[in-house]
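Chains as they are written, first to last, in my numbering: chain A, 4 to 424; chain B, 4 to 424. Structure first, then comments.
2 protein chains.
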Amino acid sequence: MDAVIISCGTELTTGQCVDTNSAWLSSQLTPVGVHVVEHVTVGDEVAQLVPVIRRAFEAANLVIITGGLGPTLDDITREAIAAALGVPLVENAGALTQIRALFERWQRSMPESNRRQAMIPRGCEVIPNPRGTAPGIRLIQGDRSLYAFPGIPAEMQVMFHATVLPELHAAAGGATIASARLLCFGISEAKLGEILSDFMQRGRNPSIGTTASQAILSVRALAEGASPEEARELLQADINEIRRRLGTVVFGEGDDTLEAVVARLLIEKHKTIATAESCTGGLLAKRLTDISGSSAYFLRGYVTYADAAKVELLGVPANLISRHGAVSEPAAEAMAIGCRLAAGSDYTLSITGIAGPSGGSPPEKPVGLVYIGLAHSAGVETLRVLCGDHLTRDEIRDRSCKTAFNLLRLRLLGVERSKAG
Amino acid sequence: MDAVIISCGTELTTGQCVDTNSAWLSSQLTPVGVHVVEHVTVGDEVAQLVPVIRRAFEAANLVIITGGLGPTLDDITREAIAAALGVPLVENAGALTQIRALFERWQRSMPESNRRQAMIPRGCEVIPNPRGTAPGIRLIQGDRSLYAFPGIPAEMQVMFHATVLPELHAAAGGATIASARLLCFGISEAKLGEILSDFMQRGRNPSIGTTASQAILSVRALAEGASPEEARELLQADINEIRRRLGTVVFGEGDDTLEAVVARLLIEKHKTIATAESCTGGLLAKRLTDISGSSAYFLRGYVTYADAAKVELLGVPANLISRHGAVSEPAAEAMAIGCRLAAGSDYTLSITGIAGPSGGSPPEKPVGLVYIGLAHSAGVETLRVLCGDHLTRDEIRDRSCKTAFNLLRLRLLGVERSKAG
Numbered sequence: 004m005d006a007v008i009i010s011c012g013t014e015l016t017t018g019q020c021v022d023t024n025s026a027w028l029s030s031q032l033t034p035v036g037v038h039v040v041e042h043v044t045v046g047d048e049v050a051q052l053v054p055v056i057r058r059a060f061e062a063a064n065l066v067i068i069t070g071g072l073g074p075t076l077d078d079i080t081r082e083a084i085a086a087a088l089g090v091p092l093v094e095n096a097g098a099l100t101q102i103r104a105l106f107e108r109w110q111r112s113m114p115e116s117n118r119r120q121a122m123i124p125r126g127c128e129v130i131p132n133p134r135g136t137a138p139g140i141r142l143i144q145g146d147r148s149l150y151a152f153p154g155i156p157a158e159m160q161v162m163f164h165a166t167v168l169p170e171l172h173a174a175a176g177g178a179t180i181a182s183a184r185l186l187c188f189g190i191s192e193a194k195l196g197e198i199l200s201d202f203m204q205r206g207r208n209p210s211i212g213t214t215a216s217q218a219i220l221s222v223r224a225l226a227e228g229a230s231p232e233e234a235r236e237l238l239q240a241d242i243n244e245i246r247r248r249l250g251t252v253v254f255g256e257g258d259d260t261l262e263a264v265v266a267r268l269l270i271e272k273h274k275t276i277a278t279a280e281s282c283t284g285g286l287l288a289k290r291l292t293d294i295s296g297s298s299a300y301f302l303r304g305y306v307t308y309a310d311a312a313k314v315e316l317l318g319v320p321a322n323l324i325s326r327h328g329a330v331s332e333p334a335a336e337a338m339a340i341g342c343r344l345a346a347g348s349d350y351t352l353s354i355t356g357i358a359g360p361s362g363g364s365p366p367e368k369p370v371g372l373v374y375i376g377l378a379h380s381a382g383v384e385t386l387r388v389l390c391g392d393h394l395t396r397d398e399i400r401d402r403s404c405k406t407a408f409n410l411l412r413l414r415l416l417g418v419e420r421s422k423a424g
Numbered sequence: 004m005d006a007v008i009i010s011c012g013t014e015l016t017t018g019q020c021v022d023t024n025s026a027w028l029s030s031q032l033t034p035v036g037v038h039v040v041e042h043v044t045v046g047d048e049v050a051q052l053v054p055v056i057r058r059a060f061e062a063a064n065l066v067i068i069t070g071g072l073g074p075t076l077d078d079i080t081r082e083a084i085a086a087a088l089g090v091p092l093v094e095n096a097g098a099l100t101q102i103r104a105l106f107e108r109w110q111r112s113m114p115e116s117n118r119r120q121a122m123i124p125r126g127c128e129v130i131p132n133p134r135g136t137a138p139g140i141r142l143i144q145g146d147r148s149l150y151a152f153p154g155i156p157a158e159m160q161v162m163f164h165a166t167v168l169p170e171l172h173a174a175a176g177g178a179t180i181a182s183a184r185l186l187c188f189g190i191s192e193a194k195l196g197e198i199l200s201d202f203m204q205r206g207r208n209p210s211i212g213t214t215a216s217q218a219i220l221s222v223r224a225l226a227e228g229a230s231p232e233e234a235r236e237l238l239q240a241d242i243n244e245i246r247r248r249l250g251t252v253v254f255g256e257g258d259d260t261l262e263a264v265v266a267r268l269l270i271e272k273h274k275t276i277a278t279a280e281s282c283t284g285g286l287l288a289k290r291l292t293d294i295s296g297s298s299a300y301f302l303r304g305y306v307t308y309a310d311a312a313k314v315e316l317l318g319v320p321a322n323l324i325s326r327h328g329a330v331s332e333p334a335a336e337a338m339a340i341g342c343r344l345a346a347g348s349d350y351t352l353s354i355t356g357i358a359g360p361s362g363g364s365p366p367e368k369p370v371g372l373v374y375i376g377l378a379h380s381a382g383v384e385t386l387r388v389l390c391g392d393h394l395t396r397d398e399i400r401d402r403s404c405k406t407a408f409n410l411l412r413l414r415l416l417g418v419e420r421s422k423a424g
């Protein structure tokens, strides 16, 4: 099945925003066997959008449009679809009821302009939007279908999952592709490629590929079979062997994150955690509480940005900071120990470092130098990380948190490591 | 002048990478008066790319292609341009010399496959690539021009600046576009559309459009003038009037964030801040420390996730929590006051709420209910926010932080508001 993805918005054609929706939709469609032949982006102009919709609907079985369903005059996707199909726009009572209900739930009165969002091209169905006022639009004509979703990613994604994906699965019947993704941390892509080189030959089934993104290495596996069972079995055999070779370097599958894996382990073992952060400024605590129900394991976090806060809240000796500096192994150690004492948690993670871009003093303390501490009932361990000053502030803070979570993960799994980082 | 931007790569149509080149090129072309009518992305298939190039070269005066100029078999842009123009590929001696010279500089021998990169469609010129092995391609036919650049952003950008931009400036002889973006918080898109309805008529110059993303409303303005000065003047007149109508709803321009604006105000006024968070779990502190140099205003942050931490670290009375609950106006007030006392900062922000998806007890305390506290030398103010349970946990935490920053921003600007939220 061929698909064309159209995104609509002058903010895209003028370069004020990057279109991420098309890539996201492609990443969802490709694994289920849909061939995305084209992405097209046009501005908020009916005259531009109409021929693009017509051409796409002729060339592909599946057309997905994102954007242009808002309540203002520059939201023209409804008009363009109607014009492309040669039908009028009609007010849809069901859509209007949904929009009104949303405003009632928000305890606000509906502005008159939102009424525009209930105008639907005749012959099209309404796709409910559980998260916003813009209903989606669906048209099915024989083996061809067209969907229009709002441009806001969170709204578009939930509506896509509720409609297109199940319909594709139903249409495919005996879908013959099975896919999986293993997630690794603490290994380079080149090293991963060496370990898995025999798996990565072109034309092999399953096909195995690796990608690196923000220090997470993904091993993607795609198996084709005559039946779903055959595809799954082929896939599983490879996954088992890859896991065997990589060991604890693999931390999860699919959409797992290091913090989610750590959270699961803490809950499983009925353990609690507290955090003491300097350069990450709250990011470590934020990630540990990204998960609903995190109060089961997360007790408290200290963001001790100023040195005085490290001394006062964590009991880090002032002369330790003056002797070794706030970015040092002893400081990370003292922060972790002091945090554990104050919070009464089973584990504490501490991070102190230089996230940059300013504040570095090479060669001893360059931007990207980070110390991580992990305190537990058996003592304290530390890790020195040199992120490299080619990374941005955001990336250095991200890597610091990931490395801290991985240290705790290995400890929770009972993997031994020497004290020196 | 109309332009079409084509990006080529199966990694784009399968969603493994997001195309950022098209947005970048648009952001460069729009301010010099080029109207980018379409972005098109296709995979590494000659049969797909050829008709796209033909159509673009008919529809627009300027066609820019990125990607597909590498040395491997799946790099098909050279072939596709030749096929679209109906000319053969010929080896270009100058291009080959440049490629060889690059390998000599790297002290490596040139692999035979790189020779493919010197194959240029007959009648086209070579654009030197100072950073990599892929030369660019240029074709000028009357008032139409076509450029092909490598997909690696750093290479593409330097080649674009060396060729397209100076040629456009020379060709334009004046007419230009000026653009700006105002950022608003605390208003709905529909309301914004009503206030600015007379500005948003189609065909108006400047053209004014609005977009909403994660509770931030953007007002984009694009002015066309016979000269850069005229465009800027037209733009400025509209921007001034829009700012006048919207008042303090406008918090910034361009790529501003609420936290960056708050940080600037704190630095300007030599004030400090500390944070006390429950449901946002560190996100508030994280955002305040996203900026290098944040130690000038950020003292410390408390992530008091457990009730015991609120009592112990912030001095929130235990019986206040048992009487009103941890998610209540008195709790937010006590957290802010206690944090200010402990941290000795000029301002403190506190957040307590139910980020969900679990933990709500409607109707009194549904998911999405958040209380924000702001303590300062004149006392304490609170705000009750009902985010709505259609939002995700991430979104509720995001909105909570933005609302808190906005509350502080208005305070720092001296905008009066009543105590009740």
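Glycine is no exception: its CB is placed at the ideal position from the N, C-alpha and C atoms.
DSSP beta-bridge partners for residue 219 of chain A?
For the purposes of this step, residue 219 of chain A is taken as the residue at position 216 of the first sequence. Residue 219 of chain A is bridged to A/188, A/216.
Please check if any C-beta of chain A sits within less than 7 angstroms of the C-beta of residue 54 of chain B.
Here residue 54 of chain B refers to the residue found at position 51 of the second sequence. For residue 54 of chain B, the nearest beta carbon of chain A is not closer than 7 angstroms to its own beta carbon.
Determine the direct distance from the alpha carbon of residue 261 of chain A to that of residue 31 of chain B, and round the result to whole angstroms.
Position 28 of the second sequence, counted from the first residue, corresponds to residue 31 of chain B. Position 258 of the first sequence, counted from the first residue, corresponds to residue 261 of chain A. Their Cα atoms are separated by approximately 38 angstroms.
Between residue 327 of chain A and residue 334 of chain A, how many whole angstroms is the CB-CB distance? I'm expecting something under 8 angstroms.
Taking the first residue of the first sequence as 1, we reach residue 327 of chain A at position 324. Taking the first residue of the first sequence as 1, we reach residue 334 of chain A at position 331. At roughly 6 angstroms, the Cβ-Cβ gap stays under 8 angstroms, so residue 327 of chain A and residue 334 of chain A are in contact.
Mind checking if residue 289 of chain A is an interface residue toward chain B, Cβ cutoff 7 angstroms exclusive?
Counting from one through the first sequence, the residue named residue 289 of chain A turns up at place 286. Yes, contact with chain B.
Determine the extent of the beta strand (DSSP E) in which residue 124 of chain B is found, giving its start and end residues.
Along the second sequence, read from residue 1 onward, the residue named residue 124 of chain B stands at position 121. 122 to 124 is the extent of the beta strand (DSSP E) around residue 124 of chain B.
Less than 8 angstroms between the CB atoms is what I'm expecting for residue 403 of chain B and residue 388 of chain B, so what's the real figure, rounded?
Position 400 of the second sequence, counted from the start, is the residue given in the question as residue 403 of chain B. Position 385 of the second sequence, counted from the start, is the residue given in the question as residue 388 of chain B. Contact flag correct, Cβ pair sits at about 7 angstroms.
My output table needs one value for residue 295 of chain B: the three-state DSSP class, helix, strand or coil.
On the second sequence, position 292 is the one that residue 295 of chain B refers to. Residue state, collapsed to three classes: coil.
Chain A partners of residue 301 of chain B, CB-CB under 7 angstroms?
As a working mapping, residue 301 of chain B is identified with position 298 in the second sequence. In chain order: 308.
What do you reckon, are the CB atoms on residue 340 of chain B and residue 378 of chain B nearer than 7 angstroms?
The sequence position of residue 340 of chain B within the second sequence is 337, counting from 1. The sequence position of residue 378 of chain B within the second sequence is 375, counting from 1. Cβ atoms of residue 340 of chain B and residue 378 of chain B: closer than 7 angstroms.
Under the DSSP definition of a beta bridge, which residues are partnered with residue 368 of chain A?
Along the first sequence, read from residue 1 onward, the residue named residue 368 of chain A stands at position 365. Answer is A/364.
Which word fits residue 475 of chain B, buried or exposed, when buried means at least 16 other C-beta atoms lie within 10 angstroms of its C-beta?
For chain B, the structure presents residues 4 to 424; residue 475 of chain B sits outside this window and is missing.
Thinking C-alpha only, which one of B/199, B/217, B/218 is nearest residue 224 of chain B?
One-based indexing of the second sequence puts residue 224 of chain B at position 221. Here the closest residue by C-alpha is B/199.
What are the boundary residues of the alpha helix (DSSP H) that residue 26 of chain A is part of?
Looking up residue 26 of chain A in the first sequence gives position 23. Where residue 26 of chain A is concerned, the enclosing alpha helix (DSSP H) stretches over 24 to 32.
Taking contact to mean 3 or more Cβ pairs, one atom from each stretch, closer than 8 angstroms, check whether the segment 179 to 195 of chain B and the segment 211 to 221 of chain B are in contact.
Yes, the segment 179 to 195 of chain B touches the segment 211 to 221 of chain B.
Any idea if residue 243 of chain A is buried or exposed, counting beta-carbon neighbours within 10 angstroms, 16 or more meaning buried?
In the first sequence, residue 243 of chain A corresponds to position 240, counting from 1. Answer is exposed; the Cβ neighbour count stays below 16.
Return the chain-ordered ranges of every alpha helix (DSSP H) run that is complete within the segment 152 to 176 of chain A and spans a minimum of 4 residues.
156 to 165, 167 to 175
Check each candidate in A/60, A/56, A/108, A/130 and name the one with the smallest Cα separation from residue 166 of chain A.
Start at 1 with the first residue of the first sequence, and residue 166 of chain A comes out as number 163. Checking every option, the nearest Cα to that of residue 166 of chain A belongs to A/130.
Could you please tell me which residues of the segment 63 to 90 of chain A, in chain order, have their CB closer than 8 angstroms to any CB of chain B?
73, 74, 75, 76, 77
Between the C-alpha atoms of residue 424 of chain A and residue 337 of chain A, what's the straight-line distance to the nearest angstrom?
Here residue 424 of chain A is taken as the residue at index 421 of the first sequence, counted from 1. Here residue 337 of chain A is taken as the residue at index 334 of the first sequence, counted from 1. With a pLDDT of only 36 at residue 424 of chain A, under the threshold of 50, the placement of this residue in the model should not be trusted; the figure read from the coordinates follows. If you take the alpha carbons of residue 424 of chain A and residue 337 of chain A, they lie about 16 angstroms apart.
If you draw a straight line from the alpha carbon of residue 391 of chain A to that of residue 371 of chain A, how long is it in whole angstroms?
The residue you call residue 391 of chain A lines up with position 388 of the first sequence. The residue you call residue 371 of chain A lines up with position 368 of the first sequence. When rounded, the distance between both Cα atoms is 5 angstroms.
With distances taken from CA atoms, which of B/369, B/365, B/356 is nearest residue 400 of chain B?
Looking up residue 400 of chain B in the second sequence gives position 397. Selected option, being the one with the closest Cα: B/356.
Skipping 5 residues on each side, what residues in its chain have a beta carbon closer than 7 angstroms to that of residue 425 of chain B?
Given a span of 4 to 424 for chain B in the structure shown, any question on residue 425 of chain B remains unanswerable.
Report the partner residues of residue 142 of chain A according to the DSSP bridge assignment.
What you label residue 142 of chain A is simply residue 139 of the first sequence in a count that begins at 1. Per DSSP, A/149.
Can you list, in chain order, the residues of its chain with a C-beta nearer than 6 angstroms to that of residue 237 of chain A? Leave out the 5 residues immediately preceding and following it.
For the purposes of this step, residue 237 of chain A is taken as the residue at position 234 of the first sequence. Here the set comprises 209, 226, 228.
Would you list, in chain order, the members of the segment 394 to 407 of chain A that have their beta-carbon closer than 7 angstroms to a beta-carbon of chain B?
396
Assign residue 409 of chain B to one of three DSSP states: helix, strand, or coil.
Working through the second sequence from its first residue, we reach residue 409 of chain B at position 406. Residue 409 of chain B: helix per DSSP, three-state reduction.
Between A/108, A/373, A/289, which has its C-alpha nearest residue 280 of chain B's C-alpha?
Start at 1 with the first residue of the second sequence, and residue 280 of chain B comes out as number 277. The shortest C-alpha separation from residue 280 of chain B is found at A/289.
Considering only C-alpha positions, which residue in the set A/114, A/170, A/206, A/201 is nearest to residue 141 of chain A?
As a position in the first sequence, residue 141 of chain A is number 138, starting the count at 1. Answer by Cα proximity: A/170.
Is residue 295 of chain A close to chain B, meaning its C-beta is less than 7 angstroms from at least one C-beta of that chain?
Along the first sequence, one-based indexing puts residue 295 of chain A at 292. For residue 295 of chain A, the answer is yes, since a Cβ of chain B falls inside 7 angstroms of its Cβ.
Residues of chain A with CB closer than 7 angstroms to the CB of residue 197 of chain B, please, in chain order.
Residue numbering aside, residue 197 of chain B sits at position 194 when the second sequence is read from its first letter. The answer, in chain order, is 114, 116.
I need the boundaries of the alpha helix (DSSP H) containing residue 107 of chain A, first residue and last residue.
Residue numbering aside, residue 107 of chain A sits at position 104 when the first sequence is read from its first letter. That run of the alpha helix (DSSP H) goes 96 to 108.
By a C-beta neighbour count over all protein chains shown, 10 Å radius and 16 as the cutoff for buried, is residue 3 of chain B buried or exposed?
Since the first residue of chain B shown is 4 and the last is 424, residue 3 of chain B is not available in this structure.
Alpha carbon to alpha carbon, what distance is there between residue 359 of chain B and residue 283 of chain B?
If you number the second sequence from 1, residue 283 of chain B lands on position 280. If you number the second sequence from 1, residue 359 of chain B lands on position 356. Counting only the Cα atoms, residue 359 of chain B lies some 11 angstroms from residue 283 of chain B.
What is the residue span of the alpha helix (DSSP H) that residue 77 of chain B lies within?
Reading the second sequence from its first residue, position 74 is the one you call residue 77 of chain B. Element bounds for residue 77 of chain B: n/a, residue is neither H nor E.
Quick one: residues in its chain with C-beta nearer than 6 angstroms to the C-beta of residue 292 of chain A, no 5 flanking neighbours on either side, listed in chain order?
To locate residue 292 of chain A, count along the first sequence from 1; it is residue 289. If we look at residue 292 of chain A and ignore the five residues flanking it on each side, its Cβ neighbours are 301.
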